[in-house]
Structure formats: structure tokens, C-alpha cells
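Working notes, structure below.
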Amino acid sequence: MALSILTRFFTSTSSLFSSTLIFNHFSKRTVFTIATKKKTQPQRYKIMASSQAQAPLSEDQKITAPYGSWKSPITADVVSGSSKRLGGTAVDSQGHLFWLESRPSESGRAVLVKGAEKPGDEPFDITPKEFAVRTVAQEYGGGAFRISGDTVVFSNYIDQRLYKQSISSKDPCPVPITPDYGGPVVSYADGVFDSRLDRYITVMEDRRENSINATTTIAAVSLDDGNQEPKVLVSGNDFYAFPRLDPKGERMAWIEWSHPNMPWDKAELWVGYISENGDLYKRVCVAGCDPKIVESPTEPKWSPTGELFFITDRKSGFWNLHKWVESKNEVLPLYCLNAEFARPLWIFGMNSYEFIKSEVEKTLIACSYRQNGRSHLGILDVVQGSISLLDIPFTDIDNITSWENCLYVEGASVTHPSSVAKVTLDDHKVNVVDFKIIWSSSPDSLKYESYFSLPELIEFPTEVPGQNAYAYYYPPSNPLYQAIQEEKPPLLLKSHGGPTSETRGILNLSIQYWTSRGWAFVDVNYGGSTGYGRQYRERLLGQWGIVDVDDCCSCARFLVEKGKADEERLFITGGSAGGYTTLAALAFRDTFKAGASLYGVADLSLLRAETHKFESHYIDNLVGSETDYFERSPINFVDKFSCPIILFQGLEDKVVPPDQARKIYQALKEKGLPVALVEYEGEQHGFRKAENIKFTLEQQMVFFARLVGRFNVADEITPIKIDNFD
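Residue numbers 8 to 733, in my numbering, belong to the letters of the sequence shown in order.
See below:
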């Protein structure tokens, strides 16, 4: 349920609807209500400047209007049209950059794009229009493509087969390299090329015999015969990830884990030795097999000289870089820091560090770590055991790819949306000589910079004495408006998905949509979130539905006490696990006045029975006994709900099936509470289509405003009918 990792938060907004638009929207969704009436950067940084920034106005020039009623150019169309998502980067043997982008304007289709080869050129699509690069392995996917030489191997969304194609041809013709099973019943992810044996080694998820409890293995796929059955190399455990070959193709490392653990709870790192015919003839457990050490190793990678490196959280509880000494089967820490060098393994293909070339004989690693609410990029000298931090504008960093003296960094900041930047290093690899944005999820966002609300990282007390939690608070911000004197703003609190995930204080136009209209917004990293070490992450063990709910309520009350929010206009929203926290907060607490649940959980027992394999035992550790399952399920306590709720649900969602939303909707409707349910055809766990992203945000805004807000929305939005209200 880790949608904050996959989508960086749901996106939506508001704009003008014509009657034709309303008809078109309703033809694509089921609505259980009917439409009714109506910082300056150093010079070396090459960043697009704002051309339409609003000049500052004096206080007497600003329009005085109630919070929530301000007019903003950051419309629903702007948000939904600018919400491209990045699915990974790669560099070929010539140093050309490639990236995978998901486009809401094409119903979420994911396309592999080749960057400009020389100044004046434009990026161009590698993926033919009839293909989409996406895998549904473990539902969340990731690791859908790999490039080697002139060839890319990718997973095609429609049939889930693997294809290979040339990346240099202007007229590519993808060729399947896995069998046609008559439907998308076998998925592949996180693959690597085995040039020694001319094959592709990949995680394979086989649903042919059991669509719910798939068989996961590591398998070898022939690059020359699309009808040949993949050869299973590693099997027997519940899950696998990160198959990685050494430079000679003689050893393979991988991560595996089993129920009831999630990969961030307990996992194992293995190395297998490959025979001449491609089988594994010997296996060694590197990390995770010692019962005296609780750890979750991740991201194994071989150095150019054939040494194995990886990240694990042994002893300190923080994901730090380590090295395997093969001759002694010993693990050594490279650099110890109370910071996270990795993220939880929700998706395949993460790349948090990269080996880089050096002018002298030493091992250098480009890496990032997260500490105190922000990311840092640095170069680790393995021999010296020291990190040289690099000065770049990003405060949040995902993946890193390298080429000679350049790093391609996926990141963001409070003024940069999710982007890919080319970071050029000096000869010593310790200083940045150039920084240039290559790709942006929202390239036009800087034109709205004068409207941006900059997040404040706050630490607030929880219900547990002496224990604090964290959040990002965004105050209302619009250069043309000021509020009525003494008025406090309405507050929208967002509970992130996962729940083993985190929110980050970066530019997100869907948040700016609210703040530029006069709302305060707070994004909470409740106990159980990642980014703060294992101890913080494990606050939620046995306590889901308690700690997260209490922390969200504590955060809202904290902001009220600080004068940053109106106590009578507190709202809560969240997707997936965040939707569960939303419903639980509305059922079991009285802090919030209304809420919005996006593909959220209402019945924990039903979720356990119906969800997919990857998360089928996840909530056992988060909830506890059968009594706990019952007592923490909002659906069982409809009598405790007392405020309006709007629900949004994808009809193809296999993580949180549609019955969850339908059950809570029907129960609340029968109780007589104001409630609405919107169902989207063709959407899964998270909304990818621009029109649905837009509609979701618009309807949240007008729902809150009509029922509790005490203000008129400036935009012309036609609301859906609300049961027990209209």
C-alpha cells in the first residue's frame, strides 16, 4: 500500500467544467451520486528561470478574502497535466541518457525516452506507440527495463512479456523473448544481462497455477528464442529481488525473504556460483541468516573489481553501506551514520548508489542518504572511510546513475518537482562544476514559483510521553491575497500510504493547489514511517490504526495550538494505507470535521483475505490478534462516524479491492451521513489518468468547502451529488 513512493502523493485540482465535460467524465467513471447544478542558486546551476512570476504586492495592494476562497493559476488542469512520473534512468555504453516516464495524458502509459544526443537535439521516444513499459510484478512493479550495449529489454504492460529492441534504430521493432501464455499471467522485473551466456536473468512471477499466490523465482531467459521456457535458477522462497551478476558473470547475488516478513523486516542476501552451463553449483549466505542479527539487506552490487557491496541495517537500525569479504565470509561496514542510505523495497530496481571511475586506484561510490528530513548526495571513499558531500539544489534524492565524470540524479526540492539532473564533477570527484536539469515531471512549474508555499519541517509531541513525530507544514501562500484579520486557515492533513513509507518536503503541485487557495496543508510522517531508522519504523508493529491515527490527531492539535489552523476546519485525506488512517481517524477520534479516502482500507480482515501475495501477511505484524482486526476496522463501527466522507476507488485495484470502498459507502449512507463514492474504470491502486487525477482533487475541494469550509471556492467546479446532503 505504498503509494507515496510510487506517486509522490495523489494529484488533483480544480477548473472549469462544461456540461460536455461532465458528460465525458461520467462516461468514464461510476459515481454513486449524480451531477447537480451548478532561493537563488549559484551561477553554476543551470535552472530554468521563472518567466511569469507574480511581482510582490504590498499589504494594502493585496485582496482581502477568506482563507480557501483565493483564486490561483495552479489549476486542476495544471496539476493533472504536469504529473508525469519517473520510472528509472539508465546510461548506455556511449553515455546517452535514457529514462522511463509515465504520462497521464496517455492514460498513464509508460514510455522509454532517449535524451538529446547533442545540443539542439530533442529527446525522443524509444518505445513504439503500441507498447507500454511496465511490469505488474508484486503489483507495484519497478525494474521494468534494462539497457546493455545497443539493446534494451523491457516488460510490456499489456501482455507482460519481455521484449528486446535496438535503442539506436529510428524505426524500432520489439521482439518477444518470453513465451506467449495467452494472457498476462507471468511477469518479469529487475533483470540483468548475462553476456557470458547470452541470456537475461530476471525475477519471474508466475500466476499460471494460482493467480493469488503466485510462484516467484529467479530465472534465465534466452535472448534469441521467444518460445523457450525460462530456466529457473533460484526457487523455494516466497520472494526474490536484485539478481546481480559480477563483472565476469561467474557469481550472482540476490535478495530473498519469506512470509510473514516484509523485505524491510527481515531478508537474506545470498551469492551463487555459476557453472559453465549456467546453473548454480554453490550458494553462500552473506547476510540475514544469523538468528542473532536482525537485519534487512538490500541493493547488492558488484564493484568493477568484483567485490560485493550492499546496504543493510544490522546493529544500528539504519540502512548503511557494507562490504562482503568473500575469503572470510565476513561483512564489514563502510561508513556508519544514523541515516538511511536506502528505501524500503516496495518496488523493484532501486539504485541508491553507484560506483564511479577515479583517476587514481581507489574505490569511489556516489551515494545518497537521508537524515533529519532531507537527502544528501556524496562521494564515499571506501579506503578512507569518508564522504565528500556534493552541493546540489536537491533536498530529496532517489536513484543515481553514473557516466565518467557525471552523475544522473533523480531528485527534487521545495522548488524543483521530481527531476533528473546531470551533475558534472571535477577531476577529483569531490566538487560539483555543473548542475543541469535534464528532465522534469513538471517543466513549467517554476512559472508559479511566487505562489509556492515552502514546507516547514516540524517535530511535534505524540500521545506517548517523551516521544515525538515529524511532519511538513505548508502555510497558505498567494502573492495576491491576504486573509481576514484574526481568521485561521482550514487545514488539510495528509496521511501517507504504506504504511511503511514516508512523505518528503518537496515541490508537489497538488499540495500547492491547496495552499495557493488559502489552505494550510500538513504531510505527516507518523510513527512507523521510514527515513528515521528501524526503531521509528517499528513503532507501528502491532499498533497500526492506533499510532498512526494518534500521531495525525496530535499533529493537527499541535498546529491549532500554534495558531496555524482553525480547529473547526480540520480535514484529513490519504490514499491506500493513508486512506485507512483517514477512515480510522474519522471513526475513532473526533479531531477532524470531514475526510477523503482514496482506495483506503475499511475492513482489515477483508484486506487480509483479498489482497495480493506480496502484502498478504504484511498487516499480521501491524495489527495482531483477530480481536484487534475487528476492533480496528472502521467498517465495524459505523455508529462512531459523525462527519462527512468522500471516497475514490479504482475498479481494477488488486491491492485494496473495490468492495472496501463500497462497504463503507453503503454503511455510511444507511446511517444518514453525508457521503459520496466515485469509482474509476481502468484504474488500479493509484490513479494514472489525467482526467481522474483532476476530478479527484476538484471534488475533494468542493466537498470540503460545501460541507464544512464556510467559504466559496473561487474556481467554477460542478460538484457531484452528496448522499444525505443534496
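Just so it is clear, CB atoms sit at the ideal spot from N, CA and C, and this is done for glycine as well.
- Between Leu613 and Gly586, the C-beta gap is not smaller than 8 Å, which leaves the two residues out of contact.
- Apart from the 5 residues on each side of it in sequence, Ala490 sits with its Cβ closer than 8 Å to the Cβ of Thr71, Ala72, Pro73, Tyr74, Pro483, Pro496 and Gly525 in its chain, given in chain order.
- Residue range Val554 to Glu568 is occupied by the alpha helix (DSSP H) that includes Cys559.
- Rounded to the nearest whole angstrom, the C-alpha separation of Ser282 and Phe246 is 24 Å.
- Under the three-pair Cβ rule at 8 Å, the segment 339 to 346 does not count as touching the segment 550 to 565.
- Contact annotation: Pro183 and Tyr170 have beta-carbon atoms nearer than 8 Å.
- Non-local beta-carbon contacts of Lys322 in its own chain, meaning distances under 6 Å to residues more than five positions away in sequence, are absent.
- Assignment of Thr580 by DSSP, reduced to helix, strand and coil, places it in the strand class.
- Boundaries of the beta strand (DSSP E) harbouring Thr209: Arg206 to Asp213, taken from the DSSP string.
- Gly149 sits in a strand when the DSSP states are folded into three classes.
- In the structure shown, Trp446 adopts extended strand secondary structure according to DSSP, grouped into three states.
- In this structure the segment 660 to 667 does not touch the segment 625 to 633; the number of beta carbon pairs closer than 8 Å is below three.
- Taken in chain order, the unbroken stretches of beta strand (DSSP E) that lie wholly in the segment 357 to 441 and span 3 residues or more are 360 to 363, 371 to 378, 381 to 388, 393 to 396, 403 to 410, 413 to 419 and 426 to 432.
- Using a Cβ distance threshold of 8 Å, Gln145 and Val159 do not count as a contacting pair.
- DSSP places Leu499 inside the beta strand (DSSP E), whose first and last residues are Leu498 to Ser502.
- If you compare the alpha carbons of Ile174, Gly535 and Arg168 with that of Met211, the shortest gap goes to Arg168.
- Taking a contact as a CB-CB distance under 8 Å, the pair Tyr488 and Glu463 does not count as one, their CB atoms being some 20 Å apart.
- Ile513 sits buried, since 16 or more C-beta atoms from the chains shown fall within 10 Å of its C-beta.
- If you keep only unbroken beta strand (DSSP E) runs of at least 3 residues inside the segment 56 to 127, you get 92 to 98, 104 to 110 and 116 to 121.
- Taking the Cα positions, Gln706 is about 6 Å away from Pro726.
- Residue pairing by DSSP places Asn327 opposite Thr319 in a beta bridge.
- Counting of Cβ neighbours within 10 angstroms places Lys600 among the buried residues, the total reaching 16 or more.
- Taking C-alpha positions only, Val389 is separated from Glu263 by approximately 26 Å.
- The DSSP-derived three-state label of Thr588 is helix.
- The C-beta distance from Gln519 to Phe459 rounds to 6 Å, short enough to fall under 8 Å.
- Looking at the backbone, the Cα of Ser523 and that of Tyr415 are separated by about 32 Å.
- Taking C-beta separations shorter than 8 Å and ignoring five residues to either side along the sequence, the partners of Trp309 in its chain run Arg251, Leu252, Asp253, Pro254, Arg258, Ala260, Leu315 and Phe316, following chain order.
- Closest by C-alpha distance to Ser452, out of Ala721, Thr142, Ser420 and Phe362, is Ser420.
- In its chain, beyond the 5 residues on either side, His103, Leu104, Phe105, Trp106, Pro130, Ile445 and Trp446 have a beta carbon closer than 8 Å to the beta carbon of Gly122.
- Going by beta carbons, Ala346 and Thr305 fall outside the 8 Å limit.
- Cβ neighbours of Phe621 within its own chain (closer than 8 Å, five residues either side excluded): Gln145, Glu146, Tyr147 and Phe246.
- With fewer than 16 other Cβ atoms from the protein chains shown falling within 10 Å of its own Cβ, Gly127 counts as exposed.
- Here DSSP, grouped into helix, strand and coil, assigns Tyr533 to coil.
- Excluding five sequence positions before and after Ala196, the CB atoms of its chain that fall closer than 6 Å to its own CB belong to Thr142, Ala144, Gly150, Val210 and Phe355, given in chain order.
- In this structure, the beta-carbon distance from Arg377 to Gly538 falls below 8 Å.
- A distance below 7 Å between beta-carbons, with the five flanking residues on each side excluded, links His383 to the following residues of its chain, in chain order: Ser375, Tyr376 and Leu396.
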